[in-house]
Amino acid sequence: MIVFIEKLNSEVLRSIERIESRDTDVLKKSLEASRVLGEAFDR
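Using the numbering used here, read the sequence shown as starting at 1 and increasing by one per residue.
Okay, here's the thing in C-alpha coordinates:
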(Lines of atoms letter the chains of each structure in order from A and count residues from 1; the text may use other names and numbers.)
(Lines give C-alpha, C1' and ligand atoms only; values in the text may rest on other atoms or scores of the structure.)
Protein backbone atom coordinates (compact mmCIF):
# COMPACT_ATOMS: atom_id res chain seq x y z
CA MET A 1 0.00 0.00 0.00
CA ILE A 2 2.81 2.41 0.87
CA VAL A 3 4.56 1.65 -2.42
CA PHE A 4 1.32 2.35 -4.32
CA ILE A 5 0.89 5.71 -2.58
CA GLU A 6 4.51 6.70 -3.23
CA LYS A 7 4.18 5.76 -6.90
CA LEU A 8 0.91 7.67 -7.22
CA ASN A 9 2.45 10.69 -5.50
CA SER A 10 5.42 10.73 -7.87
CA GLU A 11 3.13 10.41 -10.91
CA VAL A 12 1.00 13.32 -9.71
CA LEU A 13 4.06 15.45 -9.00
CA ARG A 14 5.47 14.75 -12.48
CA SER A 15 2.16 15.68 -14.06
CA ILE A 16 1.94 18.90 -12.08
CA GLU A 17 5.52 19.82 -12.96
CA ARG A 18 4.69 19.30 -16.65
CA ILE A 19 1.66 21.57 -16.29
CA GLU A 20 3.67 24.25 -14.49
CA SER A 21 6.45 24.23 -17.07
CA ARG A 22 4.10 24.80 -20.01
CA ASP A 23 3.54 28.31 -21.27
CA THR A 24 -0.25 28.36 -21.04
CA ASP A 25 -2.70 30.60 -19.31
CA VAL A 26 -3.74 30.17 -15.70
CA LEU A 27 -7.20 28.76 -16.43
CA LYS A 28 -5.78 25.97 -18.59
CA LYS A 29 -3.23 25.14 -15.88
CA SER A 30 -5.97 25.02 -13.25
CA LEU A 31 -8.10 22.73 -15.40
CA GLU A 32 -5.19 20.38 -16.08
CA ALA A 33 -4.25 20.29 -12.39
CA SER A 34 -7.86 19.47 -11.50
CA ARG A 35 -7.84 16.59 -13.97
CA VAL A 36 -4.60 15.21 -12.53
CA LEU A 37 -5.98 15.30 -9.00
CA GLY A 38 -9.27 13.80 -10.17
CA GLU A 39 -7.44 10.90 -11.77
CA ALA A 40 -5.44 10.37 -8.59
CA PHE A 41 -8.59 10.21 -6.47
CA ASP A 42 -10.23 7.80 -8.92
CA ARG A 43 -7.46 5.28 -8.28
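For glycine and all other residues, C-beta sits at the position ideal for the given N, C-alpha and C.
On a predicted model such as this, the values are computed, not experimentally measured, just so you know.
Reduced DSSP secondary structure (H/G/I, E/B, other) of residue i
i	result
Arg22	coil
Arg43	coil
Cβ-Cβ separation, residue j to residue i (assumed contact under 8 Å), whole Å
i	j	result
Arg43	Leu8	6 Å
Ser21	Val36	Not a contact, Cβ separation roughly 14 Å.
Ala33	Ile19	6 Å
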